[in-house]
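Protein chains in written order, with this note's numbering: chain A, 133 to 244; chain B, 143 to 254.
Following: one structure in structure tokens, then a few remarks.
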């Protein structure tokens, strides 16, 4: 089983739609969780951290469910500029500070 | 703003050549990382360093070595390049005690 699993997509949605991605992780001791965004042929960039209480940043909402070991990202009112690959990222708490495990990404395509 | 630069955006080398990829950061970060990214496999950690002259193996260190003589500079070395090392190489940095990583623009290496 992969340490971090994501549906690769692509998710094709019209502008204005709401779309949600899920990600599961295998290590129950994992301590930190993130969503990164990667545009085509560019480097990954931090989108948001994910907290147990959930957090929101504008149109983006991230949730963590420790009991079920999954993380979600909800995007409301999708824009063309949201088209990208979204990477689920976990610190598996292996004792090595700051070592992260990346999912393979979910590709989102927002269309007119 | 964190700035992470990589020595080349595109590189073409021949099998057996020694290849140097360099990463420089201007944020005084202790942690530096080298990843490779391949379709369907996501980002995989090759090596990382949490201090000058310190290095730790990541998940796929075989065929690679690293050097960190100065805090701001982290080099990845392919001792004898092979075709299966054709990939996108991404450098990242992060501050002590934090999980957030900042990526450079990447080097797309082709080994012929």
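Backbone N, C-alpha and C fix where the C-beta goes; we use that ideal spot for every residue, glycine too.
- According to the DSSP assignment, residue 203 of chain B belongs to no beta strand (DSSP E), since it is labelled neither H nor E.
- Non-local C-beta neighbours of residue 154 of chain B in its own chain, meaning closer than 7 Å and more than five positions away in sequence, comprise 252, 254, ordered along the chain.
- When secondary structure is reduced to three states using DSSP, residue 243 of chain B falls in the coil class, being assigned neither helix nor strand.
- The beta carbon of residue 208 of chain B sits closer than 6 Å to those of 189, 197, 218, all from its chain and outside the five residues before and after it, given in chain order.
- For residue 236 of chain B, the enclosing beta strand (DSSP E) covers residues 229-236.
- Straight across, the Cα-Cα distance linking residue 234 of chain A with residue 150 of chain A is about 24 Å.
- Bounds of any beta strand (DSSP E) do not take in residue 163 of chain A, whose DSSP letter is neither H nor E.
- Residue environment for residue 239 of chain A: buried (at least 16 other C-beta atoms within 10 angstroms of its C-beta).
- Around the beta carbon of residue 238 of chain B, a 10 Å sphere encloses fewer than 16 other beta carbons of the protein chains shown; the residue is thus reported as exposed.
- Segment contact: the region 175-194 of chain A against the region 230-248 of chain B, three or more CB-CB distances shorter than 8 Å; contact assigned.
- Per DSSP, the beta-bridge partners of residue 203 of chain A are A:155, A:196.
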